[in-house]
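**Student:** Attaching a single structure in structure tokens format; questions to follow.
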RNA sequence: GCACCUGUAGCUCAGUUGGAUAGAGUGUCAGCCUCCGAAGCUGAAGGUCAUGCGUUCGAAUCGCAUCAGGUGCGCCA
């Protein structure tokens, strides 16, 4: 498709006073497909030639000689519309898919690495529903970057350090819970969640406990043996449940590097800051002033000498650059933390790290749920209105299972399939809109099989698979008659398949999985339409149509995979 | 108060680098299974693109201002 834009730009440049580059810039793909595949607006030429754009378009249409692949050029309302030869396009697109298979539309390896920091939950807490966003946006971006030729380092930057652990330790000891290794191994994240709740409760009547927690963390930082043992047990209990959930979601990481890992790398960072005269005492705190950038100061060290979130992020960024020599480092973290990242990136810049400009915060909006008055609001962990991720997944699975029992009770391995559909529905609901938009979560809409949903996309793939299963053979490309797949629905499907490369590239450039999610919907819709309007098996055009079904299946399957949904074959 | 995000059909959202008559889904209404999965397809109705001014041959898109909703701002992460 790209080569055709250049070709057409060349045709125009040949007959009009405009460079190929400029002509290519002006060339658009019309929204209305009845206006052709490519359209050239003649208005800027009109200004240059001081001539009516309608007239220019008409003259150009007369003069241009069409090369192979183009069927028609037409002047309309000052636009020059180019129509491709349908059979030509069909052969060009489908043969390339047949050759490249699932890698169709991918870019070659580029020997550049990208670090993607995503999911990164806090230890000691259960995953809430909203953690799905970072996890699945990051997961999809990882796959998208790989498809664009990058080496991706998936990093789970666990929140395993900080005052929160002081709170847990204080509460654990206060409640006289067992300290033997055997007992600690049995700890579950559920119990830790309860400790947080009792801490918050206690803090209401006894605010000094907050100070105790801070002291406990300082003691942990200083290496107290008992505190370290408890900390390790808390972390392990959380990781156990975390791994279980990632397994269900189909997510994996290359590195689990918690904040605690950077503990011994922090003194060097602080020394560095001092050397560069960036560290300043302010109200007993060590900070870096950023007022010239109109940012509040970045807090580096608390009054008791212990470290903060930003300090550890500085150390982590430096470590990642040294270890991975990344081209880019993405932080898939909610929008609410954009100030924090601005500060951290700016401090690194002031430390003279030129690569600080390669650090990118990839923000996303909140998950909102509707309250009794119908107002959209954020679930709050503290008040317990936030749903736990495991509960949401379980409820989704059950709902899908009920549906399968009703519609397709003989399906094999129903429970597994229901989980895969349920998870995919939740994930698709998270990815289908632009990252920055808040997700207004509606159970019925998300799990519906109709409309812009995961199941709708999966169902299109299932139908394609079903036809191929029944055909029970693979079409040889030499048996395809291209002019048998040029009706409107086939042509729309082929054009859609041909846009895969462009969509993968755009999704990568914008760090925006929703571009690919919308594309998956386009393919699914075109596929549903095609197989509804064209009988495949038993028709005189069977081989040609089946070849299209094969290639559509390949493209849809890979697109689904890049989003992190399950490409199921039966449902 | 300051900073950031959002505002497009009743609801949830797309809208490419500024291009032609602003598009989907959902809901409402009306149709299509002797036929590869109806978990699907086809049609109708539904719009002051928050508002105003500006730039341009041309603005939902770019600039400025205003309004509305949301989020964040020193010892949490």
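In this note's numbering, the protein residues as written are 1 to 571. All C-beta atoms in this analysis are idealised placements derived from N, C-alpha and C, irrespective of residue type, glycine included. Predicted model, so just to flag it, every value in this text is computed and none were measured.
#1: Could you pull out every residue in the same chain whose Cβ sits closer than 7 Å to the Cβ of residue 535, ignoring the five residues on either side in sequence?
#2: Counting pairs of beta carbons, one from the stretch 41-61 and one from the stretch 441-458, are three or more of them closer than 8 Å?
#3: Our contact map puts residue 452 next to residue 497 with C-beta atoms below 8 Å; I'd like the distance itself, whole angstroms only.
#4: Below 8 Å on the Cβ atoms is my contact criterion, and I expect residue 446 with residue 429 to pass it. Report the Cβ-Cβ distance as a whole number of Å.
#5: Let me know the beta strand (DSSP E) ranges lying completely inside the stretch 225-308, each 3 residues or longer, listed in chain order.
#6: Determine whether the beta carbon atoms of residue 513 and residue 137 lie at a separation below 8 Å.
#7: Give the DSSP-derived three-state secondary structure of residue 18 in the structure shown.
#8: With 16 as the cutoff for other CB atoms within 10 Å, does residue 124 come out buried or exposed?
#9: Could you tell me which of 324, 159, 160 and 187 sits nearest to residue 172, measuring between CA atoms?
#10: Quick one: Cα of residue 492 to Cα of residue 499, how far?
#11: Pull up the distance between the alpha-carbon of residue 405 and that of residue 448, whole angstroms please.
#12: Spatial neighbours of residue 378 within its chain, please: C-beta separation below 7 Å, excluding the five flanking residues on both sides.
#13: State the start and end residues of the unbroken alpha helix (DSSP H) segment that holds residue 74.
#14: Residue 16 to residue 523, Cα distance in whole Å?
#15: Give, in chain order, every unbroken run of the alpha helix (DSSP H) that is at least 4 residues long and sits entirely within the stretch 106-193.
#16: For residue 528, which residues from the same chain have a beta carbon less than 6 Å from its beta carbon, with the 5 sequence-adjacent residues on both sides left out?
#17: Could I get the ranges of all uninterrupted alpha helix (DSSP H) runs contained in the stretch 46-103, with 4 residues as the minimum, in chain order?
#18: Could you pull out every residue in the same chain whose Cβ sits closer than 7 Å to the Cβ of residue 198, ignoring the five residues on either side in sequence?
#19: Taking three-plus beta-carbon pairs below 8 Å as touching, is the stretch 95-109 in contact with the stretch 64-71?
#20: Going by CA-CA distance only, name the one from 489, 542, 391 and 185 that's closest to residue 532.
#21: I'd like the list of long-range same chain contacts for residue 81, defined as Cβ closer than 6 Å, with 5 residues on each side in sequence excluded.
#22: With a threshold of 6 Å on Cβ separation, who are the neighbours of residue 218 within its own chain once the five nearest residues in sequence on each side are excluded?
#23: Considering only residues of the same chain and omitting the five flanking positions on each side of residue 8, which have a CB-CB separation below 6 Å?
#24: Are there 16 or more other CB atoms within 10 angstroms of the CB of residue 424, so buried, or fewer, so exposed?
#25: Within the same chain, show all residues whose beta-carbon is closer than 6 Å to that of residue 580, passing over the 5 residues directly before and after it, in chain order.
#26: Who are the Cβ neighbours of residue 76 in its own chain at under 8 Å, not counting the five residues just before and after it?
#27: Residue 367 bridges to which residues according to DSSP?
#28: Alpha carbons only, please: which of 201, 481 and 290 is nearest the one belonging to residue 95?
#29: Would you mind stating whether residue 537 and residue 126 have Cβ atoms separated by less than 8 Å?
#30: If residue 235 and residue 319 are in contact, beta carbons under 8 Å, what's the gap, nearest whole angstrom?
#31: Drop a sphere of 10 angstroms on the beta-carbon of residue 495, count the other beta-carbons inside from all chains shown, and report buried for 16 or more, exposed for fewer.
#32: For the putative contact between residue 120 and residue 157, defined by C-beta atoms under 8 Å, what is the C-beta separation to the nearest angstrom?
#33: Per DSSP, residue 378 is paired with what?
#34: When the Cα of residue 375 is compared with those of 507, 442 and 146, which residue comes out closest?
#35: How far does the alpha helix (DSSP H) with residue 362 in it extend, from its first residue to its last?
#36: Is residue 565 helix, strand or coil by DSSP?
**Tutor:** Taking the coordinates as given:
#1: Taking the first residue of the first chain as 1, we reach residue 535 at position 535. Nothing listed; no residue qualifies.
#2: With the cut-off at 8 Å, the stretch 41-61 and the stretch 441-458 do not touch.
#3: For the purposes of this step, residue 452 is taken as the residue at position 452 of the first chain. For the purposes of this step, residue 497 is taken as the residue at position 497 of the first chain. Contact between residue 452 and residue 497 does not hold, since their C-beta atoms are separated by about 19 Å, which reaches or exceeds 8 Å.
#4: Taking the first residue of the first chain as position 1, residue 446 is located at position 446. Taking the first residue of the first chain as position 1, residue 429 is located at position 429. Rounded, the Cβ-Cβ distance is 4 Å, consistent with contact.
#5: Those beta strand (DSSP E) runs which fall completely within the stretch 225-308 and span 3+ residues are 279-282, 285-288 and 298-301.
#6: Here residue 513 refers to the residue found at position 513 of the first chain. Here residue 137 refers to the residue found at position 137 of the first chain. Yes; because the gap between Cβ atoms is below 8 Å, this pair is in contact.
#7: To locate residue 18, count along the first chain from 1; it is residue 18. It is coil, neither helix nor strand.
#8: Locating residue 124 in the first chain gives position 124, where the first residue counts as 1. Buried, since its Cβ has 16 or more Cβ neighbours within 10 Å.
#9: Here the question's residue 172 lines up with position 172 in the first chain. Among 324, 159, 160 and 187, the Cα nearest to that of residue 172 belongs to 187.
#10: Within the first chain, the letter at position 492 stands for residue 492. Within the first chain, the letter at position 499 stands for residue 499. Rounded to the nearest whole angstrom, the CA to CA distance from residue 492 to residue 499 is 11 Å.
#11: Counting from 1 along the first chain, the entry for residue 405 is found at position 405. Counting from 1 along the first chain, the entry for residue 448 is found at position 448. Going by the C-alpha atoms only, they are around 15 Å apart.
#12: As a first step, residue 378 is located in the first chain; it is residue number 378 there, counting from the start. If we look at residue 378 and ignore the five residues flanking it on each side, its Cβ neighbours are 366 and 368.
#13: Translated into positions along the first chain, residue 74 becomes position 74. DSSP places residue 74 in no alpha helix (DSSP H) but in the uninterrupted beta strand (DSSP E) bounded by 70-76.
#14: Here residue 16 refers to the residue found at position 16 when the first chain is read from its first residue. Here residue 523 refers to the residue found at position 523 when the first chain is read from its first residue. When the Cα atoms are used, residue 16 and residue 523 turn out to be separated by approximately 37 Å.
#15: Taken in chain order, the complete alpha helix (DSSP H) segments of 4 residues or longer contained in the stretch 106-193 are 131-147, 163-174 and 181-185.
#16: Sequence index remark: in the first chain, residue 528 carries index 528 (1-based). 460.
#17: Taking only runs of at least 4 residues, the alpha helix (DSSP H) segments lying wholly in the stretch 46-103 are 53-63 and 86-100.
#18: The residue labelled residue 198 in the question sits at position 198 within the first chain. Cβ neighbours of residue 198 within its own chain (closer than 7 Å, five residues either side excluded): 171.
#19: Output reads no: the stretch 64-71 does not touch the stretch 95-109.
#20: As a working note, residue 532 is residue 532 in the first chain. Residue 489 is the option with its Cα nearest to residue 532.
#21: As a first step, residue 81 is located in the first chain; it is residue number 81 there, counting from the start. Cβ-Cβ distances below 6 Å link residue 81 to 35, 36, 39 and 74 in the same chain, with the five nearest sequence neighbours on each side left out; the list follows chain order.
#22: On the first chain, residue 218 is found 218 positions in, with the first residue counted as 1. Excluding sequence neighbours, residue 218 sits near 304 and 306.
#23: Translated into the one-based positions of the first chain, residue 8 becomes position 8. Within its own chain, the residues whose Cβ lies closer than 6 Å to the Cβ of residue 8, once the five positions on either side in sequence are excluded, are 38 and 82, listed in chain order.
#24: Residue numbering aside, residue 424 sits at position 424 when the first chain is read from its first letter. That one is buried.
#25: Outside the displayed range of the chain (1 to 571) lies residue 580, so it cannot be described from this structure.
#26: Here residue 76 corresponds to residue number 76 of the first chain, with the count starting at 1. These residues qualify, in order along the chain: 35 and 57.
#27: As a working note, residue 367 is residue 367 in the first chain. Residue 367 is bridged to 439.
#28: Here residue 95 corresponds to residue number 95 of the first chain, with the count starting at 1. Ranking the options by Cα distance to residue 95, first place goes to 481.
#29: On the first chain, position 537 is the one that residue 537 refers to. On the first chain, position 126 is the one that residue 126 refers to. With respect to residue 126, residue 537 sits apart: the two C-beta atoms are not nearer than 8 Å.
#30: Locating residue 235 in the first chain gives position 235, counting from the first residue. Locating residue 319 in the first chain gives position 319, counting from the first residue. For a cut-off of 8 Å, the C-beta gap from residue 235 to residue 319 is around 19 Å, too long to register as a contact.
#31: Counted from its first residue, the first chain places residue 495 at position 495. Per the 10 Å Cβ criterion, buried.
#32: Here residue 120 refers to the residue found at position 120 of the first chain. Here residue 157 refers to the residue found at position 157 of the first chain. About 4 Å separates the two Cβ atoms, so the contact holds.
#33: To locate residue 378, count along the first chain from 1; it is residue 378. Paired residues: 368.
#34: For the purposes of this step, residue 375 is identified with residue 375 of the first chain, where counting begins at 1. It is 442.
#35: In the first chain, the residue the question calls residue 362 occupies position 362. In this chain, residue 362 is not harboured by any alpha helix (DSSP H); it is covered by the beta strand (DSSP E) spanning 359-362.
#36: Position 565 of the first chain, counted from the first residue, corresponds to residue 565. DSSP, read as helix, strand or coil, puts residue 565 in coil.
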